[in-house]
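*Asks:*
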Amino acid sequence: MKKTIVLLMVLVLIASQVALFAQGRGETADSGKMKVAVVLKTLSSEYWQRVVNGAEEAAAKYDVELIKLGPPTEDAVEQQINMVQDALTANPGALVFSPSQPPTAVNVLNAAKQQGIPVILVDTPMPEDFKNFATFIGTENYDAGKKGAQAMVDALGRVGRAVVIDGAPGNPSTTQRADGAEDAFKAAGFTIVSRQPGYSDRERAYTVMQNILQGNTDIDVVFCSNDEMALGALRALEQVGVKAMVLGTDGNKSALESILADGLFGTAAQKPEMMGYLGVENAIKAANGETINIRIDSGVDIITKANAQAALDNLN
Amino acid sequence: MKKNENTEIRTGDVVQDTKAGEVKEKEKKVKRRGSLGIILSLIVLCIIMTILSPRFLTVANLTNVLSQATVSAIISVGEFLAILTAGIDLSIGSILAISIMMLGIFAVNMQMNPILAIMLALAVGTLIGLFNGLLLTKLRLPHPFISTMGTKMIARGLALAVTAAQPISGFAGSIQFLGSKSIGPVPASVLVVVVVYGIMFLFMKRTATGRHIYAVGGNVEASRLSGINVNKVLLIVYSLSGFFAALAGLLLVGRVNAAYPLAGVDYETDAIAGVIIGGASFSGGVGKIVNTVIGVLIIAVLRNGLNLLNVDSAFQTVAIGVVIILAVYLDVVRQKSSVIHK
Chain A
5 MKKTIVLLMV LVLIASQVAL FAQGRGETAD SGKMKVAVVL KTLSSEYWQR VVNGAEEAAA
65 KYDVELIKLG PPTEDAVEQQ INMVQDALTA NPGALVFSPS QPPTAVNVLN AAKQQGIPVI
125 LVDTPMPEDF KNFATFIGTE NYDAGKKGAQ AMVDALGRVG RAVVIDGAPG NPSTTQRADG
185 AEDAFKAAGF TIVSRQPGYS DRERAYTVMQ NILQGNTDID VVFCSNDEMA LGALRALEQV
245 GVKAMVLGTD GNKSALESIL ADGLFGTAAQ KPEMMGYLGV ENAIKAANGE TINIRIDSGV
305 DIITKANAQA ALDNLN
Chain G
2 MKKNENTEIR TGDVVQDTKA GEVKEKEKKV KRRGSLGIIL SLIVLCIIMT ILSPRFLTVA
62 NLTNVLSQAT VSAIISVGEF LAILTAGIDL SIGSILAISI MMLGIFAVNM QMNPILAIML
122 ALAVGTLIGL FNGLLLTKLR LPHPFISTMG TKMIARGLAL AVTAAQPISG FAGSIQFLGS
182 KSIGPVPASV LVVVVVYGIM FLFMKRTATG RHIYAVGGNV EASRLSGINV NKVLLIVYSL
242 SGFFAALAGL LLVGRVNAAY PLAGVDYETD AIAGVIIGGA SFSGGVGKIV NTVIGVLIIA
302 VLRNGLNLLN VDSAFQTVAI GVVIILAVYL DVVRQKSSVI HK
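For the protein sequence lines, the chains are A and G, in the order given. Residue numbering for the first sequence follows this note's numbering, beginning at 5 and increasing consecutively. Residue numbering for the second sequence follows this note's numbering, beginning at 2 and increasing consecutively.
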């Protein structure tokens, strides 16, 4: 009996401490600085880590304290909403937020409004009829897709056959990129061989590309809504020896390295650091009651072999 | 000759009954022990969190934790029942998704009466649960791990297909009520959990069906021989599991004001974790419904506390994994000690 109880207590103690020790820190004492909460779709991917880096740079510059949260995967939607709730209990000056499934965040963002906490959306906007936010900072996703696809159209120099690999169904940013690419291809007279979801995941896109190649090896260009998927698709193409241009979106380090090694053709690079940086910068302005623009474009760079090295140096 | 046989069987029955009685006594002791331990763990965890974060022990935060745990608490009831029969239900997260997508179609797209839409959505969940039960009892698929895994994929696919993966928002206030409103200071969803667990507690304790569920989990053959309709019990268990998944979905829709097809991904894992941390045995027949909600709360407090402490979610997942393994280890220790005492 006693043994069991003691064991159980130890169990809980260990578990809660494991996390803290692993992280190497506990609660920092209240520093009296302004707090800015940053809740992202996840923190465990290169892209979102770059948003965090930008946020941290701005936090250091303006001397504010960051509360950074994000679920382990992008589809843990309810957990993300819980994290926003938990972040709001800290009563931050402003919230920088990227909704995994925008409609699900309406209630919790209204709660933020009631608490008087301004909301800065980054990367992904809320549904059109939602007005309780200060600004949206992000890439024009449709434009990014269009510019990326256009770069391949120009490089190919003739009419060709295209594949479009989309993100998770229902994810607006990846869908808009795929829409932009599809429109650019169609405008150039290209045939769309297939458009399928790759769930923003390298392995899933690899499988999708393999399946497409089963029926069709006559492919000239492949557009992917993110870099991870582009690398997956590239691998499938290389395995069957099909030479097609593959372009991703995001501008991640692994994509840049692949471009330099003659793998990917290019990437429509978003500027996640810029989103994080502008996010925190504008969060501070909003918290201080300054007026800010309702839409801030964080920009896009088309990166191919010509400028990949510079982009990579910039990352490091 | 005939007479002799009869007497023999009767004597056999008596012997079995006494044995069953002994086992029951032993199990009761085991259960009581587990109960105290698990509640103490929750309290200790809360004390630790209070020390580490000044924001933990505030009314606002505790209300958050409770409302955050409600969806998981309701969906775990079905998982508890399945595990109690030595089975498992891997489809509940997907059943939740298809149920709320149908709720969205009924209530928002078709503008049905809210109460009717809710009833239909609950019926969808229950029917898919019944389907799980039929796979097990009629098609005689070998283990619910396989049949419910199949259902999980079917239901998830359908949830994505019904609206071509688009989320549905704009639910009427009456549908969002249970998941988003409060009655006085208490969130309505918390009251739903209290009522559901109250009813299920009485159901398990006071009804023949409730006791039969324990019996089937303890020993299928013995239950069958003692005249329990095992198939009926399994059908009820998996139907209830589907029903509670849909009910959890109703709370989720209120919480997030939307139905989205990727809702409930991996919720079965959290539910299994809650049930196991709550001391139910994976080999069936042992477990208390009330401990399940404590198990769920332990996970919720752990997540909330680590959020307050600004800990990376990757390590939150590690922490919950550690708790599960230790909780199952305790189950092993308990079983060993009860065998030794025999």
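Backbone N, C-alpha and C define an ideal beta-carbon position, used for all residues, glycine too. Model, not experiment: these values are computed from the prediction.
1. At what residue ranges does the segment 54 to 83 of chain A contain a whole run of the beta strand (DSSP E), taking only runs of 3 or more?
2. In terms of alpha-carbon separation, which member of G:I101, G:R141, G:H213 lies closest to Q177 (chain G)?
3. Please report how far the alpha carbon of A247 (chain G) lies from the alpha carbon of S190 (chain G), in whole angstroms.
4. Are the C-beta atoms of T318 (chain G) and some chain A residue less than 8 Å apart?
5. Check whether chain A comes within 8 Å of P186 (chain G), counting only Cβ atoms and requiring the distance to be less than that.
6. For K63 (chain A), which residues in the same chain have their Cβ closer than 6 Å to its Cβ, ignoring the five residues on either side in sequence?
7. At the level of alpha carbons, what is the spacing between Q167 (chain G) and K257 (chain A)?
8. Pull up the distance between the alpha-carbon of A310 (chain A) and that of K275 (chain A), whole angstroms please.
9. Verify whether the separation of the beta carbon atoms of L217 (chain A) and A234 (chain A) is less than 8 Å.
10. Going by DSSP, what residues sit across from S183 (chain G) in a beta bridge?
11. Would you decide whether Y210 (chain A) is buried or exposed? Buried here means 16 or more other CB atoms lie within 10 Å of its CB.
12. Using 10 angstroms around the beta-carbon of G199 (chain G), count the other beta-carbons present and answer buried if the total reaches 16, otherwise exposed.
13. Just list the residues that DSSP pairs L99 (chain A) with in beta bridges.
14. Counting contacts by CB-CB distance shorter than 8 Å, is K37 (chain A) in contact with chain G?
15. Near F245 (chain G), what residues of its chain come up, given a Cβ to Cβ distance below 7 Å and the 5 sequence neighbours on each side ignored?
16. Would you mind sorting G202 (chain A) into buried or exposed? The rule is 16 or more other CB atoms within 10 Å of its CB.
17. Flag L73 (chain A) as yes if its beta-carbon sits less than 8 Å from any beta-carbon of chain G, otherwise no.
18. In chain A, which residues lie with their C-beta within 8 Å of the C-beta of L309 (chain G)?
19. Short check: CB of I300 (chain A) to CB of L282 (chain A), under 8 Å?
20. Skipping 5 residues on each side, what residues in its chain have a beta carbon closer than 6 Å to that of L58 (chain G)?
21. Pick helix, strand or coil for G142 (chain A), following the three-state DSSP scheme.
22. Let me check understanding here. Comparing Cα to Cα, which of A:F269, A:G245, A:T308, A:N230 lies closest to N145 (chain A)?
23. Is M111 (chain G) near the ligand HEM, judged by its Cβ being under 7 Å from some heavy atom?
24. Is it buried or exposed for P106 (chain A), if we count other Cβ within 10 angstroms and need 16 for buried?
25. Measure the Cβ-Cβ separation of I307 (chain A) and G255 (chain A) and say whether it is below 8 Å.
26. If I follow the unbroken alpha helix (DSSP H) through R206 (chain A), where does it start and stop?
27. Report yes or no: is there a C-beta of chain A within less than 8 Å of the C-beta of V257 (chain G)?
28. How should G28 (chain A) be labelled, buried or exposed, when 16 other C-beta atoms within 10 angstroms of its C-beta is the threshold for buried?
29. If you measure beta-carbon to beta-carbon, which residues of the segment 280 to 305 of chain G are closer than 8 Å to chain A?
30. Suppose the cutoff is 6 Å on Cβ atoms and the five residues either side in sequence are ignored; what does the same chain contact list for L161 (chain G) look like?
31. Could one say the Cβ of K27 (chain G) lies closer than 8 Å to chain A's Cβ atoms, at least one of them?
32. If you run the structure through DSSP and keep just helix, strand and coil, what is A264 (chain G)?
33. Tell me the rounded alpha-carbon separation between A237 (chain A) and Q214 (chain A).
34. What does P201 (chain A) pair with, by DSSP beta-bridge criteria?
35. Does the segment 145 to 162 of chain A come within contact of the segment 175 to 194 of chain A, defined as at least 3 CB pairs closer than 8 Å?
36. Nearest to S204 (chain A) by alpha carbon, out of A:Q118, A:E50, A:M38?
*Replies:* According to the structure shown:
1. 69 to 73
2. Translated into the one-based positions of the second sequence, residue 177 (chain G) becomes position 176. Ranking G:I101, G:R141, G:H213 by Cα distance to Q177 (chain G) puts G:I101 first.
3. In the second sequence, residue 247 (chain G) corresponds to position 246, counting from 1. In the second sequence, residue 190 (chain G) corresponds to position 189, counting from 1. Approximately 14 Å, taken between the alpha carbons.
4. Locating residue 318 (chain G) in the second sequence gives position 317, where the first residue counts as 1. Yes - at least one Cβ of chain A is within 8 Å of the one on T318 (chain G).
5. In the second sequence, the residue the question calls residue 186 (chain G) occupies position 185. P186 (chain G) does not count as touching chain A.
6. Taking the first residue of the first sequence as 1, we reach residue 63 (chain A) at position 59. Sequence check: residue 63 (chain A) is Ala here, not Lys. Only L70, V284 meet the Cβ criterion.
7. By one-based count along the second sequence, residue 167 (chain G) stands at place 166. By one-based count along the first sequence, residue 257 (chain A) stands at place 253. When rounded, the distance between both Cα atoms is 32 Å.
8. Mapped onto the first sequence, residue 310 (chain A) falls at position 306. Mapped onto the first sequence, residue 275 (chain A) falls at position 271. About 18 Å.
9. For the purposes of this step, residue 217 (chain A) is taken as the residue at position 213 of the first sequence. For the purposes of this step, residue 234 (chain A) is taken as the residue at position 230 of the first sequence. No, the Cβ-Cβ distance between L217 (chain A) and A234 (chain A) is not below 8 Å.
10. For the purposes of this step, residue 183 (chain G) is identified with residue 182 of the second sequence, where counting begins at 1. Paired residues: G:P188.
11. Taking the first sequence and counting its residues from 1, one reaches residue 210 (chain A) at position 206. Result: buried.
12. Position 198 of the second sequence, counted from the first residue, corresponds to residue 199 (chain G). Classification for G199 (chain G): exposed.
13. The count along the first sequence starts at 1 and reaches residue 99 (chain A) at position 95. A:A41, A:V123, per the DSSP bridge assignment.
14. Position 33 of the first sequence, counted from the first residue, corresponds to residue 37 (chain A). Chain G, which has no Cβ nearer than 8 Å to the Cβ of K37 (chain A), makes this no.
15. To locate residue 245 (chain G), count along the second sequence from 1; it is residue 244. Within the same chain, F245 (chain G) has close Cβ partners I75, I76, V78, G79.
16. Against the first sequence, residue 202 (chain A) aligns to sequence position 198. By the 10 Å Cβ count, G202 (chain A) comes out buried.
17. What you label residue 73 (chain A) is simply residue 69 of the first sequence in a count that begins at 1. Output row for L73 (chain A): interface = yes.
18. Your numbering for residue 309 (chain G) matches position 308 in the second sequence. Chain A residues near L309 (chain G): E31, D90, T93, A94.
19. Residue 300 (chain A) sits at position 296 when you count from the first residue of the first sequence. Residue 282 (chain A) sits at position 278 when you count from the first residue of the first sequence. Yes; because the gap between Cβ atoms is below 8 Å, this pair is in contact.
20. Numbered from 1 along the second sequence, position 57 holds the residue referred to as residue 58 (chain G). Same-chain partners within the cutoff: T51.
21. For the purposes of this step, residue 142 (chain A) is taken as the residue at position 138 of the first sequence. Reduced to three states, the DSSP call for G142 (chain A) is strand.
22. Counting from 1 along the first sequence, the entry for residue 145 (chain A) is found at position 141. Ranking the options by Cα distance to N145 (chain A), first place goes to A:N230.
23. Of the ligands one can find in the structure shown there are none, so the ligand HEM has no counterpart to examine.
24. Here residue 106 (chain A) refers to the residue found at position 102 when the first sequence is read from its first residue. Buried, by the Cβ-count rule.
25. Your numbering for residue 307 (chain A) matches position 303 in the first sequence. Your numbering for residue 255 (chain A) matches position 251 in the first sequence. Contact: yes.
26. Residue mapping note: residue 206 (chain A) aligns to position 202 of the first sequence, counting from 1. Segment 206 to 219, the alpha helix (DSSP H) holding R206 (chain A).
27. Here residue 257 (chain G) is taken as the residue at index 256 of the second sequence, counted from 1. For V257 (chain G), the answer is yes, since a Cβ of chain A falls inside 8 Å of its Cβ.
28. Mapped onto the first sequence, residue 28 (chain A) falls at position 24. Note that G28 (chain A) has pLDDT 48, beneath the 50 cutoff, so the model's placement of it is unreliable and no number is given.
29. I299, L303, R304, N305
30. Along the second sequence, read from residue 1 onward, the residue named residue 161 (chain G) stands at position 160. Excluding positions up to five away in sequence, the list reads P262.
31. Working through the second sequence from its first residue, we reach residue 27 (chain G) at position 26. Residue confidence for K27 (chain G) is low, a pLDDT of 49 falling below 50, so the modelled location carries little weight; the figure read from the coordinates is stated next. Chain A contact via Cβ: absent.
32. Translated into the one-based positions of the second sequence, residue 264 (chain G) becomes position 263. Correct three-state label for A264 (chain G): coil.
33. Counting from one through the first sequence, the residue named residue 237 (chain A) turns up at place 233. Counting from one through the first sequence, the residue named residue 214 (chain A) turns up at place 210. The alpha-carbon atoms of A237 (chain A) and Q214 (chain A) are separated by roughly 8 Å.
34. Here residue 201 (chain A) refers to the residue found at position 197 when the first sequence is read from its first residue. Bridge partners of P201 (chain A): A:D170.
35. yes
36. For the purposes of this step, residue 204 (chain A) is taken as residue 200 along the first sequence, with counting starting at 1. Looking at the Cα atoms, A:E50 is the closest of the given residues.
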